[in-house]
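As given, the protein sequences belong to chains W and A, one line each in that order. Per the numbering used here, residue 1 is the first one in the first sequence, and the count goes up by one each step. Per the numbering used here, residue 1001 is the first one in the second sequence, and the count goes up by one each step.
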Amino acid sequence: MADITAPAYRVIPIIPALKPGAMEGKGPYVANDKIQEALGFPGALVEDWHDRAIAKMGDLLGKYRSLRVFMDACVHCGACSDKCHYFIGTQDPKNMPVARQDLMRSVYRRYFTLPGKLFPKLVGARDLTREVLDEWHNYFHQCSECRRCSVFCPYGIDTAEVTMAAREILDSVGYGQKYDNEIIGKVHKIGNNLGLPGPALIDTMEGLEEDVKEDTGIDVRFPVDVKGAEVLLITPSADFFAEPHIDSLIGYAKVFHATGTSWTLSSMSSEAANFGMFIGNYEQLRKIALRIREAALELGVKRIVVGECGHAWRVAYSFWNTLSGVGDGADETDRFAQMLQKQLDHRYRQPSHICEFTWDMIEKSRLSFDKEANDKHIITFHDSCNVARGSSMGGYPGGQFDIPRNIIKAVANNFVEMDPSTTHERTFCCGGGGGLLTDDLMDLRVKGALPRMEVLHQVVEENGVNFLAVICAICKTQFSKTMPIYGFDRRMVGGVHQLVSNAIKLGDK
Amino acid sequence: MNALIAVLFYLATLLFVVGLLYRIRTYATTPSPLKIPTTPAPTTTGGVVLRMTREVVFFESLFKANLWTWGLGWLFHASLALVILRHLRYFIEPVWAWVGFIQPFGMYAGITMLLGVCGLWGRRLLVERIRYISTPSDHLMLILFISIAASGLAMSFIVHTDVIAVKGFFQGLMHFSIQPLPGDAILVLHLLSVVVLMAIFPISKLLHAPGVFFSPTRNQKDDPREKRHIAAWAKKLESEN
Chain W
1 MADITAPAYR VIPIIPALKP GAMEGKGPYV ANDKIQEALG FPGALVEDWH
51 DRAIAKMGDL LGKYRSLRVF MDACVHCGAC SDKCHYFIGT QDPKNMPVAR
101 QDLMRSVYRR YFTLPGKLFP KLVGARDLTR EVLDEWHNYF HQCSECRRCS
151 VFCPYGIDTA EVTMAAREIL DSVGYGQKYD NEIIGKVHKI GNNLGLPGPA
201 LIDTMEGLEE DVKEDTGIDV RFPVDVKGAE VLLITPSADF FAEPHIDSLI
251 GYAKVFHATG TSWTLSSMSS EAANFGMFIG NYEQLRKIAL RIREAALELG
301 VKRIVVGECG HAWRVAYSFW NTLSGVGDGA DETDRFAQML QKQLDHRYRQ
351 PSHICEFTWD MIEKSRLSFD KEANDKHIIT FHDSCNVARG SSMGGYPGGQ
401 FDIPRNIIKA VANNFVEMDP STTHERTFCC GGGGGLLTDD LMDLRVKGAL
451 PRMEVLHQVV EENGVNFLAV ICAICKTQFS KTMPIYGFDR RMVGGVHQLV
501 SNAIKLGDK
Chain A
1001 MNALIAVLFY LATLLFVVGL LYRIRTYATT PSPLKIPTTP APTTTGGVVL
1051 RMTREVVFFE SLFKANLWTW GLGWLFHASL ALVILRHLRY FIEPVWAWVG
1101 FIQPFGMYAG ITMLLGVCGL WGRRLLVERI RYISTPSDHL MLILFISIAA
1151 SGLAMSFIVH TDVIAVKGFF QGLMHFSIQP LPGDAILVLH LLSVVVLMAI
1201 FPISKLLHAP GVFFSPTRNQ KDDPREKRHI AAWAKKLESE N
C-alpha cells in the first residue's frame, strides 16, 4: 500500500477528460467457497454460469420495478456522466454512471429485447461472455451505491439499483466479493461485522465506563442486554473499538446519561451495518434486519435508536419497517409487524436516528453545553451519501441535512460549509462506501476520495477548517485511512457526537 | 402508394398502441419491494404529484445536471409537443378553436424542434463523454427526428403539399376507407419517418416517456417509518418462518 499516492488537486468544478482502461483489472478479491456457501451461494463459478446469470437477471427484472424501468428508460443523455466521484477521481469512462449501467444494459438488450436480439451492434447489445462477467466483477465493485447520479437523472435512474442487481447475479453464479460476503457471514454467526463476541463486548463497555469515569468523574453507564430498558441502541460495531468512532459512542452514552434515558445495547444484535444491501440480496438484507427485531422483542424495549452510520441509517429508516416491522402503520391484519409495533412507543419515530434523539433533547432544553470546549475546532460537515439521498430525519424533507448541522451549531462555535455543489443532496461519497472499504481496493478508495478532498482542501486553505464532522462509520474509517495520503491529519475526521461529547455538561440536569 | 402507406400506418399504430400498453402493463405489475425515493423526497401524495410534474414538464433533475442538455432537450420536447398538438387538425373535423389558434405557433415550433435536435446531436458528436456512451441507434434516432422535422418544415415553407388532400386521407383512415394521398416525395418521407417512429417506440429508448412515470426514485412517497410497505413476494417470506 506504500506505493499509493494522492492524485494532484485540480480546479473546481472538475469535468475530467476520459482515460479509457484506467481502472481495468481483476476487481476486489473473490470470495472463497467457505464464505460463499455460508450464505447459501455456490462456492465457485458454476459451470452453467451463463444460463444461470441470464435466468437470475430475468428473475430480478420481474421482482424489481426499479431495475425493469431503469434498463429501458436511459436515453444516453449524459446528465450523469460527470457526477460519479469514482469517475471524477479515476477518469475511467466505465465509471461514468451511464457506462456502468450499460455494462448490464447491453446484456439486458441482447437477451430481453427484440432489437438487441435482431441487431445487437445497432443498439449496443452484447453476449454475456466470461470477459463481460469479469468486467462486471471489476466495475460493479467500483460503485459505492451512493445515488449521486440518481439526483441528476431526468428519469431518476439509480445506478445503485443496477450495481446491487449485478452483485446479486454474480453471487448467484458463485462469483462473490470476499470482503462483503465474509462480513455478512460474521453477522450471522456472531452478531456483528467485527466478529466481536458477547463477553468481549461487555468487557469493552466496562472499560469504557472506567475511561469516562476517569475523564469526567461521572458514572456514565454502557449497558448491555438490559431487559426492560427504554431504548435499544443499534450502532455500527466499529463504534465499539475503532478510532474515531468510539468517541461518538461515548457521546451517545453521555446524551442518554444527561437526559436520564435508560438504554441498552444487545450482544446478540450488536450491529447496525447491513451489508445485505451492498450485495443487493433481499434475503440477506432481511435476515440481518431480523436480528434487530428479535433483540427488540426479547429486551422489551420501547424505542429503537440508531447510531452514526450512513447505509445503516438508510436501511433502518427506509427498509426496517418493510423487512422487520420496526416502524409504524402496519395493517391491522399484519400479525408479523403488529407483534413488534404494539410494543414500541409511537410518540417517537421508530426507528430514530441518534441525531434526532439528541436534537429533540436539545430543543426541549434537556441538555446543556459548554460550547467553548470545541473552540479549538473549526468544523465542516460532510453529508454522508446514504443519509443524504436515501433517508431523512425529523419527519420532513431535508431534515437529514438540518439536524446534524443544528447539533454541531448547538455544541460548537465555529462552523463552515463546503462548496454547495458538493453538500446536501449533491454530496460526494467518501470513496469507501457500498462494500468497498477493503484494503484490496485501496487504490480505488484513494482516487474516489479525491473529489471530497479537493473541496475540503478549499475550506482548509480559506477558512482554516481542522475538523471534518461526519455521521457514518464508513466515512470515518475511509477518511482516517485516506486523509493522511492527502497530507491531512487523520484525527481531523470525527463524529458529530464526538463534538457533543466534548461539550456536554453532565450531572447538572 | 397510398394503399401501402395506409397499411403501414395501421400496422405502426397497432404496434405503437399494443406495444406501449404491454410495456406499461409490465412496469405497472412489477412490484417495488423497497422504498427507494431519492431523498429529500415529498412525504405526501400531493407532494409526489408536484415532484413528478416538475420532472415531466420542466425536467427538474436535468436542469440540476447540465444547463446545455437541459436547454436543448427542453426546447426539443416542448416544441415537439406543440407540433403534435398542431397536427391534431388533420384528425378532427371541425377543427377545435384552440387547435386553430396554435397553428402558427406550431409551425415555428417545428423550427425550434429542429434546432433542439441538431443541438443535441452536436453535443453527442462533440462532447467526449457523450460520444463515448452513444450507440449507433442513438444517432439514428436523432436522424429520424431531423428527417421528420425537416420534411415537415419543407412542406410548410418551401414545397407546399396539398394539405386538404392529406387531411382527407387521414380522415379516411379513421373510418377505414383509403382516400387519395398526394404523391410528393417529401410528404412520403415525412409520413414514413413517422411510421418508423411509431413502430420502434415500444422497443426503444423512447420508453423513457412512459418509464419516467414508473420510476420509484421519483414517484414514491418518503414515508417508510409511518407506513409499512411490502411487496407480495416479500410478504411470502414471512409466512415461511
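The C-beta atom is built at its ideal place from N, Cα and C for all residues, glycine as well.
Close-in-space but distant-in-sequence residues of the same chain around residue i (CB under 8 Å, 5 per side omitted)
i, result
"A1232 (chain A)", "P1031"
"L1189 (chain A)", "S1147 and S1151"
"G1168 (chain A)", "Q1179 and P1180"
"T195 (chain W)", "The amino acid at residue 195 (chain W) is misidentified as Thr; the sequence shows Gly. Cβ within range, chain order: K186 and K189."
"V1166 (chain A)", "Y1090, L1181, P1182 and L1187"
"I1130 (chain A)", "R1123 and R1124"
"A1154 (chain A)", "I1186"
8 Å contact criterion, which residue i and residue j should meet: CB distance rounded
i, j, result
"L201 (chain W)", "I250 (chain W)", "L201 (chain W) to I250 (chain W), Cβ: 15 Å. No contact."
"P223 (chain W)", "A229 (chain W)", "7 Å"
"V1212 (chain A)", "Y108 (chain W)", "At roughly 18 Å, the Cβ-Cβ gap does not stay under 8 Å, so V1212 (chain A) and Y108 (chain W) are not in contact."
"M23 (chain W)", "L444 (chain W)", "7 Å"
"L45 (chain W)", "Y139 (chain W)", "That pair is no contact at about 18 Å."
"L218 (chain W)", "L506 (chain W)", "Here residue 218 (chain W) turns out to be Ile, not Leu, going by the sequence shown. Their Cβ separation, rounded to whole angstroms, is 5 Å, which keeps I218 (chain W) and L506 (chain W) in contact under 8 Å."
"F152 (chain W)", "S1061 (chain A)", "6 Å"
"I15 (chain W)", "D102 (chain W)", "Wrong, their Cβ atoms sit about 19 Å apart, outside the cutoff."
Neighbourhood of residue i by C-beta distance below 6 Å, restricted to the same chain and skipping five residues each side
i, result
"S1156 (chain A)", "M1107"
"Y486 (chain W)", "A6 and M453"
"L1187 (chain A)", "T1161"
"M1 (chain W)", "Residue confidence for M1 (chain W) is low, a pLDDT of 49 falling below 50, so the modelled location carries little weight; the figure read from the coordinates is stated next. Hits under 6 Å: M442."
"D1184 (chain A)", "T1161"
"V1057 (chain A)", "none"
"A125 (chain W)", "S106, R109, R110 and G116"
"F1145 (chain A)", "V1117"
"S1134 (chain A)", "R1124"
"G276 (chain W)", "Q284, L285 and I288"
"V305 (chain W)", "V231, L233, S352, I354 and F357"
Cross-strand partners of residue i (DSSP beta bridge)
i, result
"M510 (chain W)", "Since the first and last residues shown for chain W are 1 and 509, residue 510 (chain W) lies out of range."
"N460 (chain W)", "Note on identity: in this sequence residue 460 (chain W) is Val, with Asn being the wrong assignment. Bridge partners of V460 (chain W): none, in fact."
"L1080 (chain A)", "BP columns for L1080 (chain A) are empty, so no partner."
"I234 (chain W)", "W:V306"
"H141 (chain W)", "H141 (chain W) is not bridged to any residue."
"Q177 (chain W)", "W:V30"
"G495 (chain W)", "W:V470"
"W263 (chain W)", "W:V231"
"V224 (chain W)", "W:L265"
"T380 (chain W)", "W:V416 and W:L468"
"S480 (chain W)", "Paired residue(s): none; S480 (chain W) is not in a bridge."
"H353 (chain W)", "W:V306"
"I504 (chain W)", "W:F369"
Same chain, Cβ closer than 7 Å to residue i, five either side skipped, listed in chain order
i, result
"D489 (chain W)", "none"
"K1035 (chain A)", "Q1220, P1224 and H1229"
"V459 (chain W)", "T380, V416, M418 and V465"
"W1096 (chain A)", "none"
Contact list for residue i against chain B, beta-carbon separation under 9 Å
i, result
"H311 (chain W)", "Looking for chain B here will not work: the only protein chains present are W and A."
message: Quick check: the segment 306-323 of chain W against the segment 350-358 of chain W, are at least 3 beta-carbon pairs closer than 8 Å?
response: Segments in contact, yes.
message: By the 7 Å beta-carbon criterion, what residues does the segment 1210-1225 of chain A contribute toward chain W?
response: Answer set for the segment 1210-1225 of chain A: G1211, V1212, F1214, S1215, P1216, T1217, R1218, D1222, P1224 and R1225.
message: Residues of the segment 214-237 of chain W in Cβ contact with chain A at a cutoff of 8 Å, in chain order, please.
response: So the list is empty, because no residue satisfies the distance condition.
field: Positions along the segment 4-38 of chain W whose CB lies within less than 9 Å of some CB in chain A
entry: For the segment 4-38 of chain W, the beta-carbon criterion of a distance under 9 Å to any beta-carbon of chain A is satisfied by I15, A17, L18 and P20.
message: Which residues of the segment 121-148 of chain W have a Cβ closer than 8 Å to any Cβ of chain A? Give them in chain order.
response: Cβ contacts with chain A: K121, L122, V123, G124 and R147.
message: By the 9 Å beta-carbon criterion, what residues does the segment 1114-1134 of chain A contribute toward chain W?
response: Residues L1120, R1123, R1124, V1127, E1128, R1129, I1130, Y1132, I1133 and S1134.
message: For the structure I just gave you, are there three or more beta carbon pairs, one from the segment 416-429 of chain W and one from the segment 130-149 of chain W, closer than 8 Å?
response: With the rule of 3 Cβ pairs closer than 8 Å, the segment 416-429 of chain W counts as touching the segment 130-149 of chain W.
message: So, does the segment 1018-1029 of chain A touch the segment 52-72 of chain W, judging by three or more C-beta pairs under 8 Å?
response: With a cut-off of 8 Å on Cβ pairs, the segment 1018-1029 of chain A is in contact with the segment 52-72 of chain W, counting three or more such pairs.
task: Inspect the CB distances between the segment 1189-1207 of chain A and the segment 249-265 of chain W and report whether three or more fall short of 8 Å.
output: Between the segment 1189-1207 of chain A and the segment 249-265 of chain W there are fewer than three inter-stretch CB-CB distances shorter than 8 Å, so the stretches are not counted as touching.
field: Cβ-based contacts, 8 Å cut-off: residues of the segment 349-364 of chain W near chain A
entry: So the close ones are R349, Q350 and P351.
field: Cβ-based contacts, 9 Å cut-off: residues of the segment 1068-1094 of chain A near chain W
entry: So the list reads T1069, W1070 and G1073, given in the order they occur along the chain.
- prompt: Counting pairs of beta carbons, one from the segment 376-391 of chain W and one from the segment 305-315 of chain W, are three or more of them closer than 8 Å?
  reply: In short, these stretches touch, since the Cβ pair count reaches three.
message: Three Cβ pairs or more, each shorter than 8 Å: is that satisfied between the segment 357-365 of chain W and the segment 326-343 of chain W?
response: Verdict: no, contact absent.
message: Using a Cβ-Cβ cutoff of 8 Å, what residues of the segment 95-115 of chain W are near chain A? List them in chain order.
response: Cβ contacts with chain A: M96, V98, A99, D102, T113, L114 and P115.
query: Taking contact to mean at least 3 C-beta pairs separated by less than 8 Å, is the segment 289-309 of chain W in contact with the segment 260-273 of chain W?
result: Touching, yes, given that three or more Cβ pairs across the two stretches are closer than 8 Å.
query: Do the segment 78-85 of chain W and the segment 1056-1074 of chain A meet, that is, are 3 or more Cβ pairs less than 8 Å apart?
result: Note that the segment 78-85 of chain W touches the segment 1056-1074 of chain A; at least 3 beta-carbon pairs, one per stretch, sit closer than 8 Å.
Members of the segment 1035-1051 of chain A near chain W, C-beta cut-off 7 Å: Along the segment 1035-1051 of chain A, going in chain order, the ones with a CB nearer than 7 Å to a CB of chain W are K1035, I1036, T1038, T1039, P1040, A1041, P1042 and T1043.
message: Short of 9 Å Cβ to Cβ, which residues in the segment 388-405 of chain W face chain A?
response: Shown in chain order are the members of the segment 388-405 of chain W whose Cβ falls below 9 Å from a Cβ of chain A: A388, R389, G390, S391, S392, G395, Y396, P397, G398, G399, Q400 and F401.
query: Closer than 7 Å, Cβ to any Cβ of chain A: which residues of the segment 333-346 of chain W, in chain order?
result: Going along the segment 333-346 of chain W in chain order, one finds D334, F336 and A337 with a Cβ nearer than 7 Å to chain A.
message: I want to know whether the segment 1095-1110 of chain A touches the segment 90-100 of chain W - three or more CB-CB distances under 8 Å.
response: No, they do not touch.
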